[in-house]
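In what follows, a structure is listed as structure tokens, so that the remarks can point back to it.
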Amino acid sequence: MDPLEDVLSLLAATGRLSSGMAAGGRWAVRFPPPAGVKFNVVSRGRCWLRVDGVTDPIHLADGDCFLLTRPLAFTLASDLDLPTEPAHPLFAAAVDGIARAGEGDEVYLIGGAFSFTGRARELLLDNLPPVLHVPAATPEAATVRWAVAEIDAELRRQPMAATLVAEHLAVVMLIRILRLHLAHDPGRISGWLAGLTDPTVAAALRAMHARPAYPWTVAELARAAAVSRSTFAARFKDVVGKGPLEYLTEWRIELAADRIRRGSDTVATIARVVGYGSESAFSVAFKRTTGLSPRAYRNRAAA
């Protein structure tokens, strides 16, 4: 089992494109905090990116892309010392899907956003740095550029199942970006995502995700990771930020919450499926994790 695949499946990631932006000369555009996870691809030219709360600006070259994982305001500019103009009027005045800034069109960016279910921030996004930069020279950047072009074509032409195809392409793009940062910048990733890059922790994560209902003990997970119990427990807590059985409980609750949102199984049935011997024990764990009883959670999801 692949823990990243499991989590992304629960989050139901979808993607959408916004208007493109052409810019030239001296220009600086200020964007408000995005509602979703924002991405941009530099299709032509180069510019600067400054994200509120991030110390160093990023120079974006032709073919680069970036992903904002937090609702932070940001600026795109030819020169970050220039006064900025707000993005909204420019995009409201877009012609043929292209907003314009400055004079000319030496720079062209295509952007959009990912949307997720409500648990995305705690499960995935809080474990990532606020901005992920994907340089053009990486294979992942080539995939992102291809996916953006394909999404754009699907949504403009609207062939059969265009929306579904666009959503799947967006997930491919997101996975490639996450792979890049897991492989090349693990020091800036925390939580269970960081565990995927640690051989000892990753083995235990795969075991728990493969059999979440199994009554795992720390000793059994240590054997799956091929280390001593004490070494495993300390390593897991250090990397993930919580103990292995605490992580297992939270993952079981996520699986249960997904079943509650999607189906009509009884609480007792869901409790058994995710590894609880009694409905009452499950309900206590569910409320401790989510703040709601299973029935209250179902009622809110239905509403």
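Residue 214 in the working numbering sits at position 214 of the sequence shown, with consecutive numbering throughout.
We put the beta carbon where it would ideally sit given N, CA and C, even for glycine.
Quick one: what does DSSP say residue i is sitting in, helix, strand or coil?
{"i": "S280", "result": "helix"}
{"i": "M208", "result": "helix"}
{"i": "W48", "result": "strand"}
{"i": "V41", "result": "strand"}
{"i": "A257", "result": "helix"}
{"i": "R145", "result": "helix"}
{"i": "P294", "result": "helix"}
{"i": "V240", "result": "helix"}
{"i": "T200", "result": "helix"}
{"i": "V273", "result": "helix"}
{"i": "V227", "result": "coil"}
Do residue j and residue i come within 8 Å of each other at the CB atom, strictly closer than that value?
{"i": "P3", "j": "L245", "result": "no"}
{"i": "V42", "j": "A61", "result": "yes"}
{"i": "E85", "j": "V51", "result": "no"}
{"i": "V240", "j": "V201", "result": "yes"}
{"i": "T197", "j": "R176", "result": "no"}
{"i": "S278", "j": "P294", "result": "no"}
{"i": "G45", "j": "A136", "result": "no"}
{"i": "A170", "j": "T290", "result": "no"}
{"i": "A296", "j": "V274", "result": "no"}
{"i": "M208", "j": "W146", "result": "no"}
{"i": "G111", "j": "N40", "result": "yes"}
{"i": "L90", "j": "R100", "result": "yes"}
{"i": "A203", "j": "A224", "result": "yes"}
{"i": "A12", "j": "F116", "result": "yes"}
{"i": "A166", "j": "C65", "result": "no"}
{"i": "V218", "j": "A233", "result": "yes"}
{"i": "E254", "j": "L123", "result": "yes"}
Quick check on the DSSP output: the beta strand (DSSP E) that includes residue i runs from which residue to which?
{"i": "Y108", "result": "107-115"}
{"i": "G20", "result": "20-24"}
{"i": "R100", "result": "98-102"}
{"i": "G15", "result": "14-17"}
{"i": "R30", "result": "28-31"}
My guess is that residue i and residue j are in contact by the Cβ rule of under 8 Å, so how many angstroms apart are they, rounded?
{"i": "T69", "j": "L132", "result": "7 Å"}
{"i": "A94", "j": "S19", "result": "4 Å"}
{"i": "L155", "j": "A162", "result": "6 Å"}
{"i": "P57", "j": "W48", "result": "5 Å"}
{"i": "L17", "j": "D152", "result": "6 Å"}
{"i": "R26", "j": "L82", "result": "6 Å"}
{"i": "I260", "j": "A301", "result": "6 Å"}
{"i": "A22", "j": "D105", "result": "4 Å"}
{"i": "A87", "j": "F31", "result": "5 Å"}
On the DSSP letters alone, give me the boundaries of the alpha helix (DSSP H) that residue i sits inside.
{"i": "I177", "result": "162-184"}
{"i": "H136", "result": "It is worth fixing the name first, because residue 136 is Ala in this sequence and not His. Element bounds for A136: n/a, residue is neither H nor E."}
{"i": "R121", "result": "120-123"}
{"i": "G195", "result": "191-195"}
{"i": "P3", "result": "3-11"}
Between residue i and the ligand SAM, is the CB less than 7 Å from at least one heavy atom?
{"i": "S78", "result": "Of ligands this structure carries none, so the ligand SAM is not represented either."}
Item to complete: Just list the alpha helix (DSSP H) runs in the stretch 53-92, keeping only unbroken ones of 4 residues or longer that don't cross its boundaries, in chain order.
Response: 87-92
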